[in-house]
Structures are given as structure tokens and as C-alpha cells.
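Trainee:
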């Protein structure tokens with residue numbers, strides 16, 4: 002399988018599922034692929050939900066809004082109801098996007114926003130995992146200024162943090178016909194306490210190696226892409 006020359010990032014939310022009043026039909030959902038048919042784009046980098054929660058039929062992660070009783074924002078209500086309708090109709094959003102892309106000869110790389118803030122950043126979009134495990138956040142030790150940009154991000158030194166993130170990736174590569182995977186490290190690029198950066202480098206290297214292994218296990222020709230900040 003040739004390597005993609007032009008990859009197109011689609012966040013799967015703001016120009017898409019957030020905008021449609023429920024129910025969103027399969028034809029509307031896969032239109033994001035149809036828009037690219039016949040263009041030089043040969044791979045789509047497709048974002049899996051908003052990082053903390055997903056918008057496909059995940060068992061390893063959590064569906065956006067599954068734990069929400071009262072909606073204070075119509076956008077997120079729409080996203081939940083649309084995803085739920087598609088899933089219950091037998092049209093798993095990630096699967097139908099993979100299949101539609103392949104119909105046009107376009108590769109599909111699921112993309113995970115590896116780091117996101119905690120419940121204060123996403124009251125209606127937060128996973129139970131994040132709600133129930135604030136001790137896994139970078140600022141949990143209590144020795145950081147709350148204004149530190151990675152304060153409420155997941156601390157990847159913890160196995161629980163690593164495993165929760167990895168499970169979503171493994172599921173996407175094992176249960177879906179994806180052509181590779183992309184780690185989106187560009188958003189909130191803080192993964193360890195600032196006093197533990199040296200130790201963190203080794204931990205992150207090992208974790209990314211683990212991700213690479215599961216990608217290659219699903220097919221030797223499949224690739225792991227990594228999106229990094231353009232400056233340090």
C-alpha cells in the first residue's frame with residue numbers, strides 16, 4: 002500500500018455532526034467523504050470525537066453525552082443524539098466513514114486527541130473516566146499554579162492514563178478497517194508534571210512504541226502518523 006501524499010484532517014464535529022438537527026442520516030454523515038472524491042487527497046485523518054469522549058460505537062471508550070441528563074448546550078445534545086441514532090440504526094459512524102473512503106480509494110486514519118482538559122473544560126462532554134479520576138491529572142499533586150496550561154490534563158506517567166488512551170486506539174485498529182492511525186499530540190501538548198519531564202520522555206517513547214505495535218499488528222502495511230506542534 003503506497004504512502005499517502007496528501008492527508009486531509011477532518012475533526013468530525015464542528016463542520017459536521019454538531020451542525021445537524023437529529024436524526025442525522027447515514028447519507029448526511031458520509032457526505033464528508035463524498036466532498037473529497039475526485040480531489041488529489043488520498044487519505045483522511047478523521048478525529049474520534051473530542052478526545053475525552055467518542056462519537057462512534059466504542060466499547061473501549063465512552064460515547065459523548067452518555068452520562069448527561071440535562072443539556073445546557075444544543076450543539077452537544079445534537080452530537081449525542083445523532084451519534085446514538087446512527088449507532089442504533091446499525092450505521093456505526095467510524096465504520097461507515099472507513100467504508101465510504103475505501104469506495105473512493107481514499108485511506109482512512111482515525112485520529113485521537115491524546116490530551117484534553119478535565120471536567121471544568123467539558124462539563125457536558127467529559128467521560129466518566131475523567132470525572133472519576135481527577136487524581137490522574139498533572140496538577141493533582143497540588144504544587145502547580147492552576148494557570149499552568151497542562152494543569153488538568155492526564156498525567157501519562159500513570160498506567161491508568163496510558164491504558165485508557167491505548168484501549169481506544171487498539172479498538173480502532175482491531176475492530177475497524179482503518180488504514181493506519183494518527184496520534185494528535187498538537188492539542189494541549191503537556192503530558193507530565195514539569196518536574197518529571199526527563200522520566201516522562203522514556204514513558205512516552207514506550208507508550209508510542211506500544212501504539213506502533215498495535216498498528217503494525219493490524220497490518221504490516223499500516224502506518225502510525227504523529228502530529229506534533231510546529232514549534233517548541
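Numbering (this note's numbering), first residue to last: 2 to 233. Glycine included, C-beta positions come from ideal geometry on N, C-alpha and C.
1. Return the chain-ordered list of same chain residues with a C-beta closer than 8 Å to the C-beta of residue 74, the five sequence neighbours on each side being excluded.
2. Ends of the alpha helix (DSSP H) at residue 99?
3. In the DSSP assignment, what residue or residues form a beta bridge with residue 46?
4. When the Cα atoms are used, what is the spatial distance from residue 169 to residue 146?
5. Out of 97, 113, 16 and 112, state which residue places its alpha-carbon closest to the alpha-carbon of residue 79.
6. Tell me the DSSP secondary structure of residue 211 in three-state form.
7. How many Å lie between residue 118 and residue 68 at the Cα?
8. For residue 229, collect the residues of the same chain with a Cβ closer than 8 Å to its Cβ; drop the 5 residues on either side in sequence, then sort them by chain order.
9. Quick one: what's residue 183 bridged to in DSSP?
10. My parser needs the beta strand (DSSP E) runs of 3 or more residues fully inside the stretch 25-92; what are they?
Mentor: In this structure, then:
1. The residue given as residue 74 occupies position 73 in the chain shown. The answer, listed in chain order, is 125.
2. Counting from 1 along the chain shown, the entry for residue 99 is found at position 98. Taken as a continuous stretch (DSSP letters only), the alpha helix (DSSP H) holding residue 99 covers 94-104.
3. The residue you call residue 46 lines up with position 45 of the chain shown. According to DSSP, which records beta bridges pairwise, residue 46 is partnered with 10 and 110.
4. On the chain shown, position 168 is the one that residue 169 refers to. On the chain shown, position 145 is the one that residue 146 refers to. Answer to the nearest angstrom: the Cα atoms are 31 Å apart.
5. In the chain shown, the residue the question calls residue 79 occupies position 78. For residue 79, the nearest C-alpha among the options comes from 16.
6. Position 210 of the chain shown holds residue 211. DSSP places residue 211 in helix when its eight states are reduced to three.
7. Counting from one through the chain shown, the residue named residue 118 turns up at place 117. Counting from one through the chain shown, the residue named residue 68 turns up at place 67. Answer to the nearest angstrom: the Cα atoms are 18 Å apart.
8. The residue you call residue 229 lines up with position 228 of the chain shown. Excluding residues within five positions, the ones whose Cβ falls inside 8 Å are 186, 187 and 190.
9. On the chain shown, residue 183 is found 182 positions in, with the first residue counted as 1. Per DSSP, 112 and 226.
10. 44-48
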